[in-house]
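Residue numbers (this note's numbering): 65 to 130.
Glycine is no exception: its CB is placed at the ideal position from the N, C-alpha and C atoms.
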């Protein structure tokens, strides 16, 4: 969306951005590094692709397998 494009332009100028977001397409489009919290505890950190595949992240955000 427009907000993502604006943040991309700001980042392209060399400005560091810290943002808290739950919309994963925005995180994927913008983040160089992702930190995932679960109830205030850091459970993963790294590039989006690695964090998105982390079993702890998947369990925390998608639920346990039955």
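Those runs of the beta strand (DSSP E) which lie wholly inside the segment 70-107 and span at least 3 residues: 98-102
Cut-off 6 Å between Cβ atoms - residues of its own chain near residue 130, not counting five sequence neighbours on either side: Note on residue 130: pLDDT 42, under 50, position unreliable in the model; the coordinate value appears next. None.
From this set, 105, 76, 106, 102, which residue's C-alpha is nearest residue 93's C-alpha? 76
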